[in-house]
Amino acid sequence: SGDGLRTRVLELLEMVGIAEPERRQRQYPHEFSGGMRQRVLIAIGLACRPALLIADEPTSALDVTVQRRILDQLDELTAEMGTAVLLITHDLALAAERADRIAVMQSGEVVESGVAAEVMRDPQHPYTQRLLGAIPALNATTKPPREASTDVELMAAVDLVKVYPTGRGATFRAVDNVSLIMPKGTTVSIVGESGSGKSTVANMILGLSEPTSGTITLDGQARPRDRAGLKAFRRRVQPVFQNPYASLDPRFTVARSIAEPLKVHRIGDARSRLTKVDELLEQVALPSAMGSRLPHQLSGGQRQRVAIARALALGPELVVLDEAVSALDVLVQQQILDLLSDLQQRLGLSYLFISHDLAVVRMISDIVHVMKSGRIVESGPPAEIFDRPQQDYTHELLAAIPRGV
Ligand code: ADP
Ligand code: MG
7 SGDGLRTRVL ELLEMVGIAE PERRQRQYPH EFSGGMRQRV LIAIGLACRP
57 ALLIADEPTS ALDVTVQRRI LDQLDELTAE MGTAVLLITH DLALAAERAD
107 RIAVMQSGEV VESGVAAEVM RDPQHPYTQR LLGAIPALNA TTKPPREAST
157 DVELMAAVDL VKVYPTGRGA TFRAVDNVSL IMPKGTTVSI VGESGSGKST
207 VANMILGLSE PTSGTITLDG QARPRDRAGL KAFRRRVQPV FQNPYASLDP
257 RFTVARSIAE PLKVHRIGDA RSRLTKVDEL LEQVALPSAM GSRLPHQLSG
307 GQRQRVAIAR ALALGPELVV LDEAVSALDV LVQQQILDLL SDLQQRLGLS
357 YLFISHDLAV VRMISDIVHV MKSGRIVESG PPAEIFDRPQ QDYTHELLAA
407 IPRGV
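Numbering (the numbering used here), first residue to last: 7 to 411.
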């Protein structure tokens with residue numbers, strides 16, 4: 007019945023740890039943070055008390071603290087119900103921490119399987135050994151520190167605030183007085199748990215969302231608000247998102263997707279754009295034959311290369327990478343990070359790098375900002391943030407990283 011159903015929905019939301027289920031059940035997915043959406047999916051998966059739950063990358067998009075909370079909850083609930091879990095993940099350390107047994111797949115085949123602790127301690131197959139070797143360790147090297155006195159400011163965000171209306175006159179401050187400066191040619195990162203406001207900051211800097219208050223300047227000039235000005239601004243500031251499936255039109259060939267920004271900005275003619283596409287493919291180390299493929303005919307890593315080529319089409323100065331390598335397995339992730347640092351050196355690009363993965367952030371950043379509940383709580387070079395975190399929250403983030411067994 008309607009009432010019984012409603013009660014059960016509230017029960018399920020409560021069970022997966024969604025606060026205020028009465029209010030939350032009336033909301034839409036876009037009003038939820040990634041972590042909350044994932045909790046809802048778990049509630050749906052467990053609603054009929056299944057004997058087997060297949061969880062395909064259930065927390066890959068989430069930061070480590072939320073990941074830990076959600077997986078703890080999943081463990082607890084499935085133990086209670088006697089549900090078996092088939093956990094599919096690209097994160098070997100996570101698998102080792104959560105699974106009883108691990109099967110390692112490569113090119114459609116299981117190449118190794120066994121008790122989790124044994125596979126981690128003594129991997130037999132070369133592919134497993136490579137996977138283990140590529141886990142970015144937190145004690146890995148960081149970028150050499152820069153001489154800050156030579157910095158030239160490219161972008162500055164000052165006192166950014168974003169307030170969302172949440173219905174019935176209520177509001178929510180998703181971003182609360184965030185300020186950051188991007189020196190030219192550097193990588194500035196934002197880390198923080200999901201829902202902390204990282205993407206909201208990114209979208210305001212990209213000009214995809216209007217700040218409630220605060221200013222964004224590029225080369226000292228305020229971001230224009232008129233259409234023509236905004237278009238010119240967007241040429242200089244380009245995005246790469248987590249899911250290239252969502253940002254690449256599935257019906258467009260790779261070449262058409264990469265050429266699209268050129269067309270929108272009326273740069274060149276059809277012929278010269280084709281030449282430019284070839285150049286861009288070469289820059290991201292893809293053969294020009296890839297141009298005629300459709301997105302579903304590419305691997306995840308190739309798709310992300312295409313997304314990067316598209317972002318570079320207009321010759322931007324700032325590239326905003328929002329969880330751009332989060333969905334990739336460690337080997338492909340390493341290749342994309344290498345490509346990004348190579349492009350940065352060759353083209354003098356500046357990156358605003360947003361990630362929930364602290365190990366990756368540590369490797370590639372010049373400056374790190376830690377965000378929590380819409381505010382920046384700690385900032386500094388990676389060596390300082392990671393080795394001498396001042397805030398409890400940063401400690402907590404560092405402690406929640408799965409390290410295998
Ligand atoms: P992050 O990228 O750090 O995971 P987001 O910037 O996506 O976080 O979201 C920050 C907060 O703002 C979350 O609590 C989210 O629920 C909320 N939020 C995001 N978009 C909207 C919206 N359109 N309406 C209401 N709340 C939103
Ligand atoms: Mg986000």
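Where a beta carbon is used, it is the ideal one built from N, C-alpha and C, also for glycine. Computed from a predicted model, the values in this text were never measured in an experiment.
Beta-carbon proximity list for residue i, same chain, < 7 Å, skipping 5 on both sides
i    : result
S253 : F247 and A313
P267 : R316, A319 and L320
Q44  : P64, T65, L68 and I76
L212 : V243, P245 and V326
S347 : I370
T172 : F178
R104 : L77 and L93
6 Å CB neighbourhood of residue i in its chain, flanking five on each side removed
i    : result
S294 : D284 and L287
T134 : V110 and E118
A180 : K168, Y170, G203, T206 and G380
V260 : M296, G297, R299 and V312
D157 : P189
S215 : N209
G175 : none
I50  : none
H431 : This structure does not reach residue 431, given that the chain is present from 7 up to 411, and the question cannot be answered.
Assigned secondary structure, residue i (DSSP; H/G/I helix, E/B strand, else coil)
i    : result
E390 : helix
F178 : strand
V411 : Legend: pLDDT at V411 = 43, less than 50; position of this residue unreliable, value from coordinates given subsequently. Here V411 sits in coil by DSSP.
E28  : helix
Y34  : coil
R381 : strand
D78  : helix
G51  : helix
Q397 : coil
D62  : strand
A333 : coil
L212 : coil
Q303 : helix
S227 : Position check: residue 227 holds Gln in this sequence, whereas Ser was assumed. Three-state result, Q227: strand.
I342 : helix
R262 : helix
Cβ-Cβ separation, residue j to residue i (assumed contact under 8 Å), whole Å
i    : j    : result
T206 : K168 : 5 Å
L58  : A90  : 5 Å
V22  : G41  : That pair is no contact at about 10 Å.
G354 : G191 : 5 Å
T221 : V164 : 5 Å
L404 : L364 : 6 Å
L160 : L324 : 6 Å
R152 : D393 : Between D393 and R152 the Cβ distance is about 18 Å, and since that is not below 8 Å, they are no contact.
A406 : R74  : 5 Å
Close Cβ partners of residue i (< 8 Å) along its chain, the five nearest in sequence each way excluded
i    : result
L16  : P27, E28 and Q31
Y399 : V376, K378, V383 and E384
H271 : K237, R241 and L320
D106 : V121 and A122
P367 : For the record, residue 367 in the displayed sequence is Val; it is not Pro. Cβ neighbours of V367 beyond the five flanking positions: S195, V197, F359, S361, V374 and P388.
S305 : V338
P322 : R241, R242, V243, Q244 and L355
S263 : L254, D255, P301, V312 and R316
V411 : Low per-residue confidence applies at V411: pLDDT is 43, beneath 50, and the placement is therefore not dependable enough to give any value.
Per DSSP, cross-strand counterpart(s) of residue i
i    : result
D328 : F247 and I360
S195 : F359 and V374
S219 : V167
E118 : V110
L186 : A163
L93  : A61
beta-carbon residue i near the ligand MN non-hydrogen atom, thresh 7 Å
i    : result
A180 : Ligands present in the displayed structure are limited to the ligand ADP and the ligand MG, and the ligand MN is not among them.
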